[in-house]
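Okay, so here's the structure we're looking at.
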Amino acid sequence: MTPIVIVGAGPTGLICAIELQKRGHQVRVIDQKEGPSTHSKALALHSHTLEIFDQMDIVDHFLHVGKRVGHLTFHNQNQRFNFQLAPIDTPYPFVLIVPQSETEKILIRELELLGGKVEWQTKLVDLKRIEKDGNQSEITYSWLIGADGAHSRVRSSLKLPFKGCKLLETFLLADITTKEPHGFDAPNIFLNKQGISVIFPLPDSCKYRVIFPMREAIELENLEQRDLEELALDRGITKGLYIERVDWISKFQIQRRQSHALKVGNIFLAGDAAHIHSPMGGQGMNTSIQDGYNLCWKLDLVISERAQAKLLDTYASERLPIAKKVLRATTLATRLLLVGSWVSKFTFFIMKHLVGHKRIAKKITLGLSEIELEYPTSSLVVAGTKSAGPKVGKRAPDVQLASGRLFDYFKEGGFLVLLFKKSAEDLDHLCEKYGQSVRIVVLEENAFAKKYAAESNALYVIRPDGYIGFKSNQVKLAQLDGYFLNFLLPL
Ligand SMILES: Cc1cc2nc3c(=O)[nH]c(=O)nc-3n(C[C@H](O)[C@H](O)[C@H](O)COP(=O)(O)OP(=O)(O)OC[C@H]3O[C@@H](n4cnc5c(N)ncnc54)[C@H](O)[C@@H]3O)c2cc1C
54 MTPIVIVGAG PTGLICAIEL QKRGHQVRVI DQKEGPSTHS KALALHSHTL
104 EIFDQMDIVD HFLHVGKRVG HLTFHNQNQR FNFQLAPIDT PYPFVLIVPQ
154 SETEKILIRE LELLGGKVEW QTKLVDLKRI EKDGNQSEIT YSWLIGADGA
204 HSRVRSSLKL PFKGCKLLET FLLADITTKE PHGFDAPNIF LNKQGISVIF
254 PLPDSCKYRV IFPMREAIEL ENLEQRDLEE LALDRGITKG LYIERVDWIS
304 KFQIQRRQSH ALKVGNIFLA GDAAHIHSPM GGQGMNTSIQ DGYNLCWKLD
354 LVISERAQAK LLDTYASERL PIAKKVLRAT TLATRLLLVG SWVSKFTFFI
404 MKHLVGHKRI AKKITLGLSE IELEYPTSSL VVAGTKSAGP KVGKRAPDVQ
454 LASGRLFDYF KEGGFLVLLF KKSAEDLDHL CEKYGQSVRI VVLEENAFAK
504 KYAAESNALY VIRPDGYIGF KSNQVKLAQL DGYFLNFLLP L
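In terms of my numbering, the sequence shown has 531 at position 478, counting the first letter as 1, and numbering is strictly consecutive.
Structure follows, in structure tokens:
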């Protein structure tokens, strides 16, 4: 069997590898790095990513190591206020702080448990060759996924432009260990004339991430702990940091770029290879993981000849608008906060009052959580009838059932037909026609009826990625079959 090759063992490549490996495909994951990353990079796992990990049955590993955060603290000189995340409808109504190196460690372990592995020190040279130990050899694949980050060789080999621009000045990022706990139990954002600076608590005690604008032309190697403490004070971080050790230090520049193609023949781009943007709001890794999750159930169905090839076109038609939206929102937030820094007292005052409004607080919280990202115009979502309840194209919300939760049903894969108070008998032939691709579950519980505004005979089709694909307030077999026939192949 010719393997599916995944270039890059960052979060995107690893999600793709797990999703394909667990569905029985032969997967080859290559990465040019020496071995697993030790750098903390992205820290925030948002609600929707945790819901995906829930479906993948690995969320407990993250909850075990992560630090739950429910608010952000804003400072301006000696004034401060807390922005409390609003209550939202998810089993994970918080931001989970987990260093990216830890996230990757968990994903690699999961891949290995499934019998997969990463081939380290193996670099993709171009679309036909890899290099290992200084030797080049040919590489063959049935499909190739370019999850090889912002400087993607897959993207450049395809000659796809990465249009965009550098947004702003250079930032310094340091992971530090302080002499004693600092009391920063949530992300702290300092607005002052020097710009915006942020301190994140890392899960281990006395460990923090510090980010601030860096205008001085100082080489990082020449930066002493003392210098870092002074720079932090100068940038408005009002408490002295008393650094014991600098664990990692780096500089970065904010860029906003996007590829306008995600599929060329049998080659895909996903994650940072396809889009990069400001880290404001910590959306980068989350969006990347969701790319991989959207792609791989489709690829599985097409490779195993259970779906038509056109299903793969919906990867780009669904994910490109999401990337565009995330780029726009993070750019706007970054510009507001950075432009605002010149009038920091005013920005601080406005923000304090805005987030005090329940509706605005909820909108910001929902934006961060990514649970509202939707595919409203996708050809894979169809409203059979107009009815109340969650809309097609949105991610399906969880329901606490008498035994277990609705999300438990999502773990088994395939399309899920949820029938409310209706015998499944009429639909038996769907299972015969599409085999494991379609499963039917009959629900009788009022908790489901309430959340999904379901009356007797109502049905919802949940896609393998937890999105609502089809809904109707009455079961019409021909309509439902028409929905599936549009992209699935009968056995
Ligand atoms: C300093 C820093 C701080 C960040 N902070 C945040 C944050 O706070 N919040 C947030 O959401 N995001 C943050 N990000 C961004 C986040 O890390 C990325 O969005 C995320 O890593 C994207 O995952 P990915 O798997 O798509 O790409 P990557 O994580 O970049 O993984 C790509 C992989 O491909 C490999 N590779 C590249 N080229 C080749 C090749 N030719 N052959 C073989 N392998 C190759 C690389 O070695 C790498 O392992 C940060 C990034 C950096 C650099």
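Yeah, the Cβ is synthetic: ideal placement off N, Cα and C, and Gly gets one too. Quick caveat: nothing in here was measured; it's all calculated off a predicted structure.
Between the alpha carbons of N245 and M404 lies a distance of about 14 Å. Residue pairing for V251: DSSP places it in a beta bridge opposite I242, I264. Contact check for I264 against F224 passes: the beta carbons are separated by less than 7 Å. Per the DSSP secondary-structure output, C218 pairs in a beta bridge with R309. With 16 or more neighbouring CB atoms inside 10 Å of its own CB, Y520 falls in the buried class. The continuous stretches of alpha helix (DSSP H) do not include R359, and DSSP gives it neither H nor E.
A distance below 7 Å separates the beta carbons of Q308 and K219.
For G217, the distance from the CB to the nearest heavy atom of ligand 1 is not below 6 Å. Spanning the alpha carbons of L164 and E485 requires a straight line of approximately 32 Å. Excluding the 5 residues flanking it on each side, G217 has same chain C-beta neighbours closer than 7 Å at Q308, R309, R310, Q311, in chain order. Assignment of alpha helix (DSSP H) within the stretch 365–448, counting only whole runs of 4 or more residues, yields 366–393, 397–408, 411–422 in chain order. Annotation: G535 to L541 spans about 10 Å, alpha carbon to alpha carbon. Apart from sequence neighbours up to five positions away, the residues of its chain that approach V452 with a beta-carbon distance below 6 Å are L459, A500, F501, K504, ordered along the chain. Distances between the C-beta of Q85 and the heavy atoms of ligand 1 include at least one below 6 Å.
Here the C-alpha atom of Q527 lies approximately 5 Å from the C-alpha atom of N510. Inside the stretch 445–511, DSSP marks whole beta strand (DSSP E) runs of 3 or more residues at positions 468–473, 491–496, from first to last along the chain. About 11 Å separates the CB atoms of I59 and Q79; that is not less than 8 Å, and the two are not in contact. Rounded to the nearest whole angstrom, the CA to CA distance from E297 to H235 is 12 Å. For D300, the three-state secondary structure derived from DSSP is strand. In the DSSP secondary-structure assignment, E191 is bridged to R182. Non-local C-beta neighbours of A386 in its own chain, meaning closer than 7 Å and more than five positions away in sequence, comprise M333, G334, ordered along the chain. Of the heavy atoms belonging to ligand 1, none sits nearer than 6 Å to the Cβ of M109.
Apart from the 5 residues on each side of it in sequence, S250 sits with its Cβ closer than 8 Å to the Cβ of I242, F243, V263, I264, F265, P266, A285, R288, G289, I290 in its chain, given in chain order. Collapsing the DSSP output to three states places D257 in coil.
The alpha-carbon separation between F134 and H406 amounts to approximately 10 Å.
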